[in-house]
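In this note's numbering, the protein residues as written are 68 to 858. Have a look at the structure below, then the notes.
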Ligand SMILES: Cc1ncc(C[n+]2csc(CCOP(=O)(O)OP(=O)(O)O)c2C)c(N)n1
């Protein structure tokens, strides 16, 4: 499959190789040097950094690819961005964006002269400098690549709805062993050749990881080819280690790949034919640590795993490595590449694309620049009528569905909104979307399939990694989206969430990076209503993880009913640069607030519900707090029991929509002041707090509050099975009966009346157990309970 070997003329070949040498020189310089950047004098120990950090192994291959991509960008006038899968090859992307001039435009102090070179070298992996990965600080990057596995999903996310964009995605052969990457090959079954862009994967088969060979490098070449073909790709191989031969091979192969891409796109466009094409993938088989030291201390380095990080050690401890380093640096012949002032020679600078065609300056890689506001319908129009608190709703997400449907419809022309999910858009109650759009799907369709089409606003594949990666890529290139998922299985992307939140945190402080749309999670099949799926599906722990992240980035909302959900989602879709987590129910459940009341409540994020409270304007005896739809239901049912049996008790009901309100103001911008917190929760009265998630999260958020010692939290405590909805709460002591008993335990003034009520409720719990074990459903008075009824 190798291309012919004369794509490049002699001069082109010489220059391309020189450009590659320049990038390699800058990469080694970044890893090792803090002075003497042009080697104008012999290298000394003081020129070398003390802390040697960085990854050489992947870098020369990435430099090679980048130089060749520049060539085809110019030749074919491509709109292209670069994703560095093994992004720990940070020196490569920094070197290349420096060579093309973008780096100095973004960071003028890293100028294109000797002083700038010195700073460029020193800052890398240095205190106060830049990280060693393709980090947010690096222009042109939308993918840090520190945590391996997400490059190909990110690339596809970037390509969706960008019909003229080519996303070059460098995949490490080690990275290719990860679950997320393995699933991402299938993205090609979801890409529409007419309305989407193209991903050009370049599998960097340098054979090794940190200290192991890679699987794909140790299978038969035909096996690898069959693997890629089996995943629906058309592979092109470039293999060797002689740079001059490799340049010719790579240039010929890239030309062929680009022409094939253009042929596919042209055919699809001209014939309105979206049939799934076999897109090209390039496999670059080159030595790891190519052009670096061959043998050090008697051990082979180039072409082995030993080149993964820094092949030479600190010369203060290994003085014999200093001449090796100098020889290595001089092997790139820097004097042929840079003039005396440290400027790249003009004939080399000319090889880089111009303006925004430079991959470091492509606006798609700074998505906020391209971000357009969503057209939003007025969410009030979707309100559920709540003439009286407690009316039965149809399922909160089913009310949200038409709102999202209209968001999709109103932004169909802009093509900048998508809904992602593993396989649950319908079952999560968002089926209204299919009134106006389809699931994007470019594999075969059979009679009886529903809502599948080559282009559509809904993206579903049974891989949470894939959904998350696609959505991140989509957002990072300036679009909007929602990820709907089971609450328990969102944990699959815990680590991806971590990385995205880190990206947002760092990029928020880079003035040249524009803010992007928030990543919105809608967790609709939540812990309390997984009674039918059982214990495996019951896990609210994602909230605990999200809470670890920087306050300026994360938001958690638990709307208690449909009108609150509408208000919250409207806000989330308008917000920027956050991760919003919204937990909502999909089953019929009581509705509490009119739309006006819901907006007021959600705007405050936490408030007293006076209509449910008996302490009107006066100090309460007890605060019944709740957060989450099911805890709210159980709390109100508990309050109705208290009201009936202990009518003189002064009860205050507090509902929390915005979990961040509980934190101290100093910790989170949404946090209540101590005064406001005390006003709601008192300084000395018992608080019975019914919470959606694990109870300790509430303690974690409130441990500094005056009344913390009196806050008694009920939540999920890892009890569950296939059972009835109400029994889920009973198993975790979150049910109305336990909440009442908890209150009585902390209210000695309830005396004998309280003791009798506790006994009565204990009997009710026994009745409940007997009833569900006999009938397989909850007692009628539980199923049919409404606010205002006797319990
Ligand atoms: C998910 C994840 N696991 C482990 C690591 C640690 N790690 C860093 S580099 C590397 C090997 C990468 O090999 P490959 O993808 O082939 O990249 P290259 O050889 O080009 O450096 C590993 C395991 C990581 N960064 N991410």
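Beta carbons: idealized from backbone N, C-alpha and C, even for Gly.
Query                                                                                                                                                                           : Result
Whose CA, out of 687, 344 and 159, lies closest to the CA of residue 300?                                                                                                       : 344
Can you list, in chain order, the residues of its chain whose CB lies under 6 Å from that of residue 595, leaving out five sequence neighbours each side?                       : 697 and 795
Can you look up residue 352 in the DSSP assignment and give me helix, strand or coil?                                                                                           : strand
Expressed to the nearest angstrom, what Euclidean distance is found between the alpha-carbon atoms of residue 857 and residue 679?                                              : The predicted position of residue 857 is uncertain, since its pLDDT is 44 and thus under 50; a value taken from the coordinates is nonetheless stated next. Distance between the alpha carbons of residue 857 and residue 679: 14 Å.
I'd like to know whether the C-beta atoms of residue 690 and residue 748 end up nearer to each other than 8 Å.                                                                  : yes
Can you tell which of 76, 554 and 201 has its C-alpha closest to the C-alpha of residue 209?                                                                                    : 201
Going by Cα to Cα distance, which pick from 822, 342, 451 and 194 is closest to residue 257?                                                                                    : 342
Between which two residues does the beta strand (DSSP E) holding residue 271 run?                                                                                               : 265-271
When the Cα of residue 859 is compared with those of 813, 793 and 803, which residue comes out closest?                                                                         : Absent from the structure is residue 859, since the part of the chain shown begins at 68 and ends at 858.
Near residue 82, what residues of its chain come up, given a Cβ to Cβ distance below 7 Å and the 5 sequence neighbours on each side ignored?                                    : 414, 415 and 418
Excluding the 5 residues preceding and the 5 following residue 692 in the sequence, name in chain order all residues of the same chain whose CB lies nearer than 6 Å to its CB. : 721, 754 and 756
Just to confirm before moving on: does the CB-CB distance between residue 264 and residue 305 stay below 8 Å?                                                                   : no
Only counting the same chain, and skipping five residues up and downstream in sequence, which positions put a Cβ closer than 6 Å to that of residue 131?                        : 87
In angstroms with no decimal places, state the Cα-to-Cα distance between residue 204 and residue 644.                                                                           : 16 Å
Determine the contact status of residue 225 and residue 716, defining contact as a CB-CB distance below 8 Å.                                                                    : no
So what's residue 593 in DSSP terms, helix, strand or just coil?                                                                                                                : coil
Under the three-state reduction of DSSP, which class applies to residue 658: helix, strand or coil?                                                                             : strand
On the criterion of 16 or more Cβ atoms from any shown chain inside 10 Å, does residue 855 qualify as buried, or is it exposed?                                                 : exposed
So the candidates are 492, 436 and 509; which of them puts its Cα closest to the Cα of residue 501?                                                                             : 492
With DSSP as the reference, identify every bridge partner of residue 366, one or two as the case may be.                                                                        : 363
Please classify residue 549: is it buried, with 16 or more other beta-carbons within 10 angstroms of its beta-carbon, or exposed?                                               : buried
Put residue 177 into one of helix, strand or coil per three-state DSSP.                                                                                                         : coil
I need the boundaries of the alpha helix (DSSP H) containing residue 758, first residue and last residue.                                                                       : Where residue 758 is concerned, there is no enclosing alpha helix (DSSP H), although the beta strand (DSSP E) it sits in stretches over 754-758.
Need the endpoints of the beta strand (DSSP E) that residue 485 sits in, please.                                                                                                : 484-488
Can the beta-carbon of residue 624 be found less than 8 Å from the beta-carbon of residue 646?                                                                                  : no
Check whether the Cβ atoms of residue 135 and residue 318 lie closer than 8 Å to each other.                                                                                    : yes
I'd like the list of long-range same chain contacts for residue 499, defined as Cβ closer than 6 Å, with 5 residues on each side in sequence excluded.                          : 468, 469 and 472
Where residue 705 and residue 830 are concerned, what is the direct C-alpha to C-alpha distance, given to the nearest angstrom?                                                 : 16 Å
Let me check understanding here. Comparing Cα to Cα, which of 351, 838, 185 and 820 lies closest to residue 162?                                                                : 185
Sorry if obvious, but does the Cβ on residue 281 come closer than 7 Å to a heavy atom of ligand 1?                                                                              : yes
Considering only the alpha carbon of each residue, which of 290, 213 and 294 lies closest to residue 252?                                                                       : 294
Considering Cα atoms alone, identify which of 458, 464, 420 and 546 is closest to residue 436.                                                                                  : 546
At a cut-off of 7 Å, is residue 675 close to ligand 1 when judged by its beta-carbon and the heavy atoms of the ligand?                                                         : no
Can you list, in chain order, the residues of its chain with a C-beta nearer than 7 Å to that of residue 801? Leave out the 5 residues immediately preceding and following it.  : 698, 701, 757, 781 and 782
Here's the rule: buried if 16 or more other CB atoms are within 10 angstroms of the residue's CB, otherwise exposed. What is residue 242?                                       : buried
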